[in-house]
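S.K.: Can you keep this structure in mind? I'll have questions shortly.
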Amino acid sequence: MTAVLVLAAVVVVLDQVAKAIALARLTPGLPVVLIDHYLSLTLVMNPGLAFGLLGTVPPTWRWVVAALSLVALLVLARVALRVLPTGGWPGRLAIGLIFGGAVGNLIDRGRFGAVVDFVDVHWRGWHWPAFNVADSAISIGVVLLALRLLGERSPAPSG
Numbered sequence: 001m002t003a004v005l006v007l008a009a010v011v012v013v014l015d016q017v018a019k020a021i022a023l024a025r026l027t028p029g030l031p032v033v034l035i036d037h038y039l040s041l042t043l044v045m046n047p048g049l050a051f052g053l054l055g056t057v058p059p060t061w062r063w064v065v066a067a068l069s070l071v072a073l074l075v076l077a078r079v080a081l082r083v084l085p086t087g088g089w090p091g092r093l094a095i096g097l098i099f100g101g102a103v104g105n106l107i108d109r110g111r112f113g114a115v116v117d118f119v120d121v122h123w124r125g126w127h128w129p130a131f132n133v134a135d136s137a138i139s140i141g142v143v144l145l146a147l148r149l150l151g152e153r154s155p156a157p158s159g
């Protein structure tokens, strides 16, 4: 469990440092192109869920979004209790990444009422909503956790 908490803390620190730099150096909505036609840094305050989902909710409903995030974190804690004893390092890595990312975004919701997003990926006519270090950690963790849970073998039927 200690390794999970250390990883989560590292994710939170990296996320918050990256967001502090983005807030200090970027102008909201004004992209800084890193790789033409592919990658820019664009500061966006996202009041919704991951990748802008529910981003147009009225300000009076933002507490619902924060509550949904907290519920997701509690569900994760329950999954962690199930996965950690038998999950090996992939399970611990997944839980640490997801937990750290969730906490990083919850810190933003508490501080700003929205999540600080700044990584902006686009290709041809396709544009992915802006995201951050926490979102990346959560996404990687969810994939690892899904692979871990799908890899569990059901006991062979008896009889």
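Taken in order, the sequence shown gives residues 1 to 159; the numbers are from the working numbering. Cβ atoms here follow ideal geometry from the backbone N, Cα and C, with glycine treated the same way.
#1: With distances taken Cα to Cα, identify the nearest neighbour of Leu93 among Asn132, Ala146, Val121.
#2: So for Thr27, helix, strand or coil by DSSP?
#3: For Val17, count neighbouring C-beta atoms within 10 Å of its own C-beta (all shown protein chains included) and say buried if the count is 16 or more, exposed if not.
#4: Within the continuous beta strand (DSSP E) that includes Trp123, where are the two ends?
#5: Sorted by chain position, which residues of the same chain lie with C-beta nearer than 7 Å to Val103's C-beta, five sequence neighbours on each side aside?
#6: Is it right to say Ile95 is buried, meaning 16 or more other beta carbons lie within 10 angstroms of its own, or is it exposed?
M.R.: Once the coordinates are examined:
#1: Nearest C-alpha to Leu93: Ala146.
#2: DSSP places Thr27 in coil when its eight states are reduced to three.
#3: It counts as exposed.
#4: Taken as a continuous stretch (DSSP letters only), the beta strand (DSSP E) holding Trp123 covers 115–123.
#5: Answer for Val103: Ala8, Val12, listed in chain order.
#6: Buried: at least 16 other Cβ atoms inside 10 Å.
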